[in-house]
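**Student:** For the sequence shown, our numbering assigns the number 1488 to the initial residue and increments by one for each residue that follows.
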Amino acid sequence: MIKREEVYKIGIFNKPHGIHGELSFTFTDDIFDRVEAEYLICLLDGILVPFFLEEYRFRSDTTALVKLEGVDTAERARMFTNIEVYFPVKHAEEAGPGELSWNFFVGFRMEEVHHGTLGEVTDVDTSTINTLFVVDYQGEELLVPAQEEFIIDIDQKHKVITVDLPEGLIALDETEEV
């Protein structure tokens, strides 16, 4: 059985394309094209299920047409409409430096050299020019800049990002109001 911590989300199947079972796939990470992976993982009824890739071709930098083994008709392909697609972390770890997408880091623990554990990265905000890690810090949302000069180490095996943030960037030592 595939566990949630063994995968990370890379996109969603939108709808069937044509009559031969191809699916329109909107992705946030093209890792499936950059490393040797024979399958994608779909979330079906709360269960992570692998499906072997027969072929795929890109339509743009965020969409592709994907053909899965055993999905040969438009009717069968319709079952995958709006299904989330995941990728195995173990294959993503084979990617070299600079080849990982930001979504790969969701689920990593973030530690700051002076403050210790900040929390888990729950999302990565790439909507602006400055990419931000969204960290769950004691139930609060903490935004940490994903800047090379702040990142000391990334331990992919243990899923830990170590950062050294400038004083005042995060106000963790604030005294509570009386």
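The C-beta atom is built at its ideal place from N, Cα and C for all residues, glycine as well.
From the DSSP secondary-structure annotation, give me the bridge partner or partners of residue 1547.
**Tutor:** Translated into the one-based positions of the sequence shown, residue 1547 becomes position 60. Beta-bridge annotation (DSSP): residue 1547 is not paired with any residue.
**Student:** Tell me the residue span of the beta strand (DSSP E) that contains residue 1497.
**Tutor:** Looking up residue 1497 in the sequence shown gives position 10. From DSSP, the beta strand (DSSP E) with residue 1497 extends over 1494–1504.
**Student:** Per DSSP, what kind of secondary structure is residue 1576 in: helix, strand or coil?
**Tutor:** In the sequence shown, the residue the question calls residue 1576 occupies position 89. Here residue 1576 carries a helix assignment [DSSP, helix/strand/coil].
**Student:** In this structure, does DSSP put residue 1591 in helix, strand or coil?
**Tutor:** By 1-based counting over the sequence shown, the position of residue 1591 is 104. Of the three classes helix, strand and coil, the one that applies to residue 1591 here is helix, per DSSP.
**Student:** From residue 1518 to residue 1625, what distance separates their C-alpha atoms?
**Tutor:** Within the sequence shown, residue 1518 is the residue found at index 31, counting from 1. Within the sequence shown, residue 1625 is the residue found at index 138, counting from 1. Cα to Cα, the separation comes out at about 32 Å.
**Student:** Using alpha carbons as the reference points, say which of 1595, 1616, 1600 and 1614 lies closest to residue 1607.
**Tutor:** Here residue 1607 is taken as the residue at index 120 of the sequence shown, counted from 1. When only C-alpha atoms are compared, the closest one is 1595.
**Student:** What are the start and end residues of the alpha helix (DSSP H) that includes residue 1654?
**Tutor:** Position 167 of the sequence shown, counted from the first residue, corresponds to residue 1654. Looking at the DSSP string, residue 1654 is not in any alpha helix (DSSP H), and its letter there is neither H nor E.
**Student:** Out of curiosity, what's the CA-to-CA distance linking residue 1516 and residue 1603?
**Tutor:** Counting from 1 along the sequence shown, the entry for residue 1516 is found at position 29. Counting from 1 along the sequence shown, the entry for residue 1603 is found at position 116. Roughly 30 Å separates the two Cα atoms.
**Student:** For residue 1572, count neighbouring C-beta atoms within 10 Å of its own C-beta (all shown protein chains included) and say buried if the count is 16 or more, exposed if not.
**Tutor:** Residue 1572 sits at position 85 when you count from the first residue of the sequence shown. By the neighbour-count rule (16 or more Cβ atoms within 10 Å), residue 1572 is buried.
**Student:** In terms of residue numbering, what span does the alpha helix (DSSP H) encompassing residue 1521 cover?
**Tutor:** By 1-based counting over the sequence shown, the position of residue 1521 is 34. Taken as a continuous stretch (DSSP letters only), the alpha helix (DSSP H) holding residue 1521 covers 1518–1521.
**Student:** Closest to residue 1566 by CA distance: which of 1550, 1532 and 1575 is it?
**Tutor:** The sequence position of residue 1566 within the sequence shown is 79, counting from 1. The option with the nearest alpha carbon to residue 1566 is 1532.
**Student:** Consult DSSP for residue 1509 and reduce its assignment to one of helix, strand or coil.
**Tutor:** What you label residue 1509 is simply residue 22 of the sequence shown in a count that begins at 1. Residue state, collapsed to three classes: strand.
**Student:** According to DSSP, simplified to helix, strand and coil, what is residue 1635?
**Tutor:** As a first step, residue 1635 is located in the sequence shown; it is residue number 148 there, counting from the start. Three-state DSSP puts residue 1635 in coil, outside helix and strand.
**Student:** What residue does the alpha helix (DSSP H) around residue 1562 start on, and which one ends it?
**Tutor:** By 1-based counting over the sequence shown, the position of residue 1562 is 75. That run of the alpha helix (DSSP H) goes 1561–1565.
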